[in-house]
Amino acid sequence: MSITSATASELLAKMNSGEISSEEITSACLDEISRRDGSINAFLSVQQEAALEKAREVDRKRKAGKPLGKLAGLPVALKDNICSEGVTTTCASKMLEHFVPPYDAHIVEQLKAADAVLIGKTNLDEFAMGSSTENSAFKTTTNPWNTAYAAGGSSGGSAAAVSAGFAPLALGSDTGGSIRQPASFCGVVGLKPTYGRVSRYGLVAFASSLDQIGPFARDVTDAALILGTIAGKDRRDTTSLDAAVPEYTSTLEQPLKNLKVGYIELLHEEGLHAEVKEATLRALDVYKSLGAEMVPITLPHAKYCVATYYIIAPSEASSNLARYDGVHYGYRAPHFENMIDMYAASRGEAFGDEVKRRIMLGTYALSSGYYDAYYLKALKVRRLIRNDFEQAFQSVDIIATPVTPTPAFTIGELVDDPLAMYLADIFTTSANLSGIPGISIPAGMSKNNLPIGLQLLAPPLEEERLLRAARMFERETDWHLKRPV
Ligand code: GLN
């Protein structure tokens with residue numbers, strides 16, 4: 089396997105045996121970026137010099153036999169809504185086009201401590217609002233499998249970077265599916281941890297009760313490796329959980345005994361693309377052949393997920409984004425009459441249409457007179473959705489579903505139809521609303537040669553179970569070995 093298509097674990101082994109250096113790996117990734125990112129548009133910025141410098145430092149340390157971190161010498165791409173000290177963090181918004189954070193996000197500190205090589209910041213839908221990166225103020229990321237198609241979103245740049253061979257690992261954020269959906273579209277592994285498993289300190293907030301940072305990787309082992317380095321309690325995020333972080337990679341090869349896989353009857357519903365349905369059923373057969381028991385489950389409130397999510401997420405967004413007022417930091421309109429006018433002009437000029445739409449939806453849902461009817465009601469339904477999962481996990485260990493109703497759509501296909509775009513979040517939003525972990529793993533290819541993912545869900549803090557179940561599937565299949573040509 090070439091450097092740019094190898095997994096992180098393969099590259100680590102080669103570095104440890106002295107076969108290859110981090111500088112060679114980093115240079116190969118940078119070359120691939122300069123050769124092909126002009127058509128993929130995964131990156132908003134590339135930290136070429138800093139990356140090479142870090143790679144050489146790791147090589148020196150390795151040669152000298154000094155202790156090294158778990159990701160020593162591996163290039164990692166970061167979604168551009170994760171703050172990195174001294175490096176522009178734009179959220180793909182004109183509002184933060186020139187914003188240089190004076191501090192690192194918690195996970196960036198963790199990556200640095202693990203000796204990772206931070207290679208660049210990746211494209212996203214503005215403030216992570218969207219499913220295709222078409223809402224980025226700067227560029228649209230294309231799908232490495234076919235550039236006429238969307239890479240997905242909002243973490244489309246991170247998914248495309250791992251798929252295209254630009255970096256073996258990347259991080260993204262998932263508020264309603266933004267890691268799992270682009271992972272599925274680009275044929276890579278994407279994991280949304282339990283809410284609170286990974287600190288949100290330094291992640292630019294979209295919807296704080298739903299946001300969670302997680303990894304993209306070329307296989308399950310790599311996802312386990314990087315999750316282990318970023319998970320854990322951080323006192324600067326009061327919602328981060330004080331629970332021990334298991335050594336995910338050490339148990340990965342142990343298959344789960346007496347595994348009970350829950351599946352939903354939704355599979356027989358309309359709106360689901362035939363090839364996605366087929367891939368999901370085939371995946372269930374793989375588990376069956378491994379001796380797992382298939383248990384039909386019902387999630388009676390799942391049909392309300394999209395409606396609930398699109399009340400709660402915009403409500404929190406409207407509050408979180410109030411800070412961009414043209415005063416503290418970010419864009420300020422050049423011409424205005426008075427203070428109120430300055431706020432309006434700055435926000436009006438620097439936010440894109442989708443962000444404005446969310447702010448208006450959220451402000452409306454939270455306004456007095458509508459608060460009870462929309463926001464409060466959505467919170468109650470959210471509880472019912474969570475209860476559904478608690479109930480289901482009484483009788484199953486994991487739940488398997490599609491990630492998205494269709495394989496990747498073409499660029500431009502849905503962008504003018506926000507409602508259709510929202511409805512496609514039907515399978516992913518439930519995990520955020522209920523706080524549980526979810527993973528997307530490659531599980532098929534469409535006739536058009538586009539990847540199809542399988543989603544697995546587990547109870548809170550059961551990432552270890554999720555990863556082991558995903559690895560069981562991966563060992564039996566070769567979807568994760570396919571690379572775009
Ligand atoms: N597609 C969803 C939205 O537009 C999810 C985005 C996300 O997870 N950041 O809100």
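Numbering (our numbering), first residue to last: 89 to 573.
Glycine residues also receive a C-beta, built at the ideal position from the N, C-alpha and C atoms.
Bear in mind that the values here come from a model prediction, so they are computed numbers and not experimental data.
- Contact between SER261 and LEU291 holds, since their C-beta atoms are separated by about 6 angstroms, short of 8 angstroms.
- Secondary structure remark: continuous alpha helix (DSSP H) runs of at least 4 residues inside the segment 410-494, in chain order: 427-438, 441-454 and 465-483.
- Rounded to the nearest whole angstrom, the CA to CA distance from GLU501 to ALA165 is 28 angstroms.
- Ranked by Cα distance from ASP460, the first of SER434, LYS348, GLU437 and SER403 is SER403.
- For GLY302, DSSP records a beta bridge to GLY260.
- In the three-state reduction of the DSSP assignment, SER90 falls in the coil class, being assigned neither a helical nor a strand state.
- Non-local beta-carbon contacts of VAL503 in its own chain, meaning distances under 7 angstroms to residues more than five positions away in sequence, involve SER220 and GLU222 in chain order.
- Nearest to TYR283 by C-alpha distance, out of LEU554, CYS274 and ASP299, is ASP299.
- One alpha carbon belongs to THR317, the other to ALA160, and they sit about 11 angstroms apart.
- In the three-state reduction of the DSSP assignment, VAL286 falls in the strand class, which pools E and B.
- The beta carbon of MET448 sits no closer than 7 angstroms to any heavy atom of the ligand GLN.
- A distance below 7 angstroms between beta-carbons, with the five flanking residues on each side excluded, links PHE424 to the following residues of its chain, in chain order: MET430 and ALA433.
- Under the three-state reduction of DSSP, GLY541 is assigned to strand.
- In this structure, ALA139 and LEU118 form a Cβ contact; the two beta carbons are roughly 7 angstroms apart against a cut-off of 8 angstroms.
- Residue pairing by DSSP places TYR237 opposite THR498 in a beta bridge.
- The ligand GLN approaches PHE294 closely enough that one of its heavy atoms is under 7 angstroms from the residue's Cβ.
- DSSP places ILE385 in the strand class (E or B) of the three-state scheme.
- Taking a cut-off of 8 angstroms for Cβ pairs, the segment 99-108 and the segment 207-219 do not touch, as fewer than three such pairs fall below it.
- Beta-bridge annotation (DSSP): TYR351 is paired with PRO384 and ALA488.
- For LEU132, there is no enclosing alpha helix (DSSP H); the enclosing beta strand (DSSP E) has its first and last residue at 131-134.
- DSSP, read as helix, strand or coil, puts ASN231 in strand.
- Where MET533 is concerned, there is no enclosing alpha helix (DSSP H), although the beta strand (DSSP E) around it starts and stops at 526-533.
- A straight-line Cα-Cα distance of about 6 angstroms links HIS194 and SER287.
- A distance below 8 angstroms between beta-carbons, with the five flanking residues on each side excluded, links THR498 to the following residues of its chain, in chain order: ALA236, TYR237 and ALA238.
- Apart from the 5 residues on each side of it in sequence, PRO343 sits with its Cβ closer than 6 angstroms to the Cβ of MET560 in its chain, given in chain order.
- In the DSSP annotation of this structure, the continuous segment of the beta strand (DSSP E) that includes GLY278 starts and ends at 277-280.
- Taking every protein chain shown into account, the CB of SER328 has 16 or more other CB atoms within 10 angstroms, so this residue is buried.
- Between the C-alpha atoms of MET382 and GLY350 there is a straight-line separation of about 6 angstroms.
- Judged by their CB atoms, LEU259 and SER246 are nearer to each other than the 8 angstroms cut-off.
- Contact between ALA519 and LYS280 holds: their C-beta atoms lie close to 6 angstroms from each other, under 8 angstroms.
- Per DSSP, the continuous alpha helix (DSSP H) segment holding ILE314 begins and ends at 308-318.
- Restricting attention to ASN408, PHE481, ALA438 and ALA421, the CA atom closest to the CA of ILE385 is found in PHE481.
- About 20 angstroms separates the CB atoms of ILE473 and SER528; that is not less than 8 angstroms, and the two are not in contact.
- Distances between the C-beta of GLY532 and the heavy atoms of the ligand GLN are all 7 angstroms or more.
- Boundaries of the beta strand (DSSP E) around ILE207: 205-210.
- A direct Cα-Cα distance of roughly 28 angstroms separates ILE108 from LEU132.
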